[in-house]
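Take a look at the structure set out below.
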Amino acid sequence: MTAINTKNSWRSQVATNAEWQDRLDPDSPNKYFIVSCDNHASEPMDFLTSRLDKRYHDRVPRVQIDDDGTQWLITEGSDPQPVRIAPTREDLIPTAEDFETQEVISPYSKKMEDEDMIRAKAGFSLEQRVADQRTQGVDAEIVFGQKGTLAFATPDPEFAGQMTRAWNRWAHDTFSSDKSVMPMAMIAPATLDEAISEVQWAASNGFHGLWLPNRPIYNRLNQPRNTLEYCDKFFEPLWAAIAETGLPMVLHVSTGQDPRAVRGAGGAITNFVCHSMVTTMEPMVQMISSGVFERHPSLRLGTIESGIGWIAWLLQQMDYSYRAHHMWVRPVIPQEPSFYFKRNCFASFIEETEALEALVEAGLEDNIVWSNDYPHHEGSFPHTKAAIARQMGSLSETAREKVLGLNAAKFFNIER
């Protein structure tokens with residue numbers, strides 16, 4: 001058994017051992033139906049080149065290795081990003097503050113503890129990921145790309161379409177044999193006709209949802225913001241096509257723009273919070289306020305991995321702006337913006353005890369879905385039961401059942 005090291009000890013902590021927690025056990029006869037709504041694939045390095053025309057091969061995201069062993073991630077949408085730093089490259093290691101030790105600022109691969117390595121090596125086969133989810137009591141999972149996320153990372157809409165279609169074929173080939181594993185079909189929306197065709201292909205090939213980037217065209221750092229927005233009528237044919245399929249749309253963090261906006265001290269936390277997590281917020285607000293859900297009331301939209309703590313604030317601010325700025329609001333949607341969130345939208349979280357309790361108390365238990373973010377370090381694997389137990393003790397049985405799986409079954413049309 002792998003040791004739980006000091007820096008991971010918090011993951012297994014549970015405040016109480018209440019009777020309801022027995023329903024989290026995989027073998028419980030009265031087990032909750034549990035769906036993790038934000039898990040990730042572990043793609044092979046050739047998932048794109050094996051499915052793309054050779055004329056694109058020199059443009060695909062790739063790892064470049066220097067003579068000293070330093071590894072760089074190369075994409076069209078971002079500056080080169082170091083992913084593994086050679087010990088001799090002191091120029092790439094941050095200067096230590098007085099309160100830091102050299103061990104703390106060493107390359108991250110040297111700071112992995114035993115349990116961290118379990119996550120780093122997880123999910124590389126369908127059999128492994130299904131077995132891992134079963135040990136956690138998870139009955140079904142919604143799967144996003146890991147390397148595949150980079151298929152959105154180009155300002156060239158046509159190339160984005162080529163890469164996302166390649167990922168979708170890889171995901172279909174890899175996961176379609178197990179109905180508990182449900183990848184989201186990546187849709188590059190700016191090439192409209194191709195996007196609509198891909199939506200229809202995904203629906204006819206058993207996909208349970210459509211993954212859109214947080215901006216229609218990828219924005220490089222220090223480049224002017226592209227003027228194409230999700231509020232534009234340009235996308236009306238796409239919304240109509242999606243509504244016809246009945247599939248939900250989902251927005252995942254860290255897409256649409258390079259999240260590494262701050263390169264200096266504190267950049268890891270600043271970029272994660274301010275340039276990754278919150279980027280799902282704007283496209284959702286655009287769709288609500290521009291009337292997309294008024295024109296297409298059956299559409300559903302989920303924000304993934306960006307949490308739920310911001311939802312109460314956002315709903316209040318949208319409604320306040322709708323009233324206070326009435327002289328400027330166009331179009332004048334018939335209902336306040338919060339109405340459309342409650343009817344058409346949902347959001348996933350990993351660990352947010354206070355926000356979860358507040359939203360359920362506010363009557364939003366039908367708009368929340370849970371995830372263990374397998375196999376990422378932000379997630380709860382392999383301590384899913386503990387993570388659920390320490391967050392959901394104050395919820396009613398009805399609310400727990402909805403948040404853990406019934407809401408996901410409704411949004412993603414999952415058979416129990």
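Quick note: UniProt numbering has the sequence shown finishing at residue 416, numbered continuously throughout. Heads up, the beta-carbon is just placed ideally off N, CA and C, and yes, glycines get one too.
For residue i, the residue or residues it bridges with in DSSP
i, result
"I311", "DSSP output for I311 lists no bridge partner at all."
"residue 423", "Past the edges of the chain, shown from 1 to 416, lies residue 423, and the structure says nothing about it."
"G302", "V250 and F346"
"residue 431", "The requested residue 431 is not part of the displayed model; the chain covers only 1 to 416."
"R84", "Q71"
"residue 427", "In the structure as shown, the chain begins at 1 and stops at 416. Residue 427 is therefore absent and cannot be evaluated."
"V63", "L73"
"Q257", "N219"
Assigned exposure category for residue i - 16 Cβ within 10 Å defines buried
i, result
"D373", "buried"
"L92", "exposed"
"P167", "The residue asked about is misnamed: residue 167 is Trp in this sequence, not Pro. It counts as buried."
"C37", "buried"
"I333", "buried"
"W313", "exposed"
"G137", "buried"
"D67", "exposed"
"M318", "buried"
"M1", "Model confidence at M1 stands at a pLDDT of 44, short of 50, so the residue's coordinates are unreliable; what they give is reported in the following sentence. By the 10 Å Cβ count, M1 comes out exposed."
"E236", "exposed"
"K385", "buried"
"T280", "buried"
Residue j beta carbon less than 8 Å from that of residue i
i, j, result
"I217", "P155", "yes"
"F144", "M184", "yes"
"F412", "H208", "yes"
"S306", "V285", "no"
"L299", "D258", "no"
"L359", "I308", "yes"
"S371", "S348", "yes"
"V14", "R390", "yes"
"G148", "F272", "no"
"V250", "D139", "no"
"L126", "D178", "yes"
"K342", "L356", "no"
"G141", "N39", "The sequence given here has Glu at residue 141, not Gly. A contact, by the Cβ cut-off of 8 Å."
"R416", "F33", "yes"
"Q81", "R260", "yes"
"L406", "N344", "no"
"Q146", "E43", "yes"
Straight-line Cα distance separating residue j from residue i
i, j, result
"R84", "V199", "37 Å"
"I65", "H377", "25 Å"
"P29", "E397", "16 Å"
"W211", "S176", "17 Å"
"V292", "C231", "8 Å"
"A203", "L247", "7 Å"
"A41", "T270", "26 Å"
"G161", "A188", "5 Å"
"V63", "Q335", "49 Å"
"S338", "A408", "20 Å"
"V104", "R11", "Residue confidence is low: V104 scores 47 on pLDDT, short of 50, so the model does not pin down where it sits. Its coordinate-derived value is still stated next. The straight-line gap from Cα to Cα measures roughly 21 Å."
"Y56", "I74", "14 Å"
"T191", "A241", "14 Å"
"E158", "V60", "13 Å"
Neighbourhood of residue i by C-beta, 6 Å cutoff - its chain only, sequence neighbours within 5 removed
i, result
"P213", "F152, T255 and G256"
"Y340", "I288 and F293"
"E352", "G307, I308 and G309"
"K31", "R23"
Spatial neighbours of residue i in its chain, beta-carbon cut-off 7 Å, leaving aside the 5 residues before and after
i, result
"G77", "A153, T154, P155, Y218, R220 and D258"
"G206", "S176"
"A18", "G393"
"R169", "R51"
"G69", "A86"
Close Cβ partners of residue i (< 8 Å) along its chain, the five nearest in sequence each way excluded
i, result
"E100", "For E100, the predicted structure reports a pLDDT of 48, less than 50, and the residue's modelled location is therefore unreliable. The matter cannot be settled from this model."
Short CB-CB distance (under 8 Å) between residue i and chain C
i, result
"R295", "In the structure shown, chain C does not exist; there is a single protein chain."
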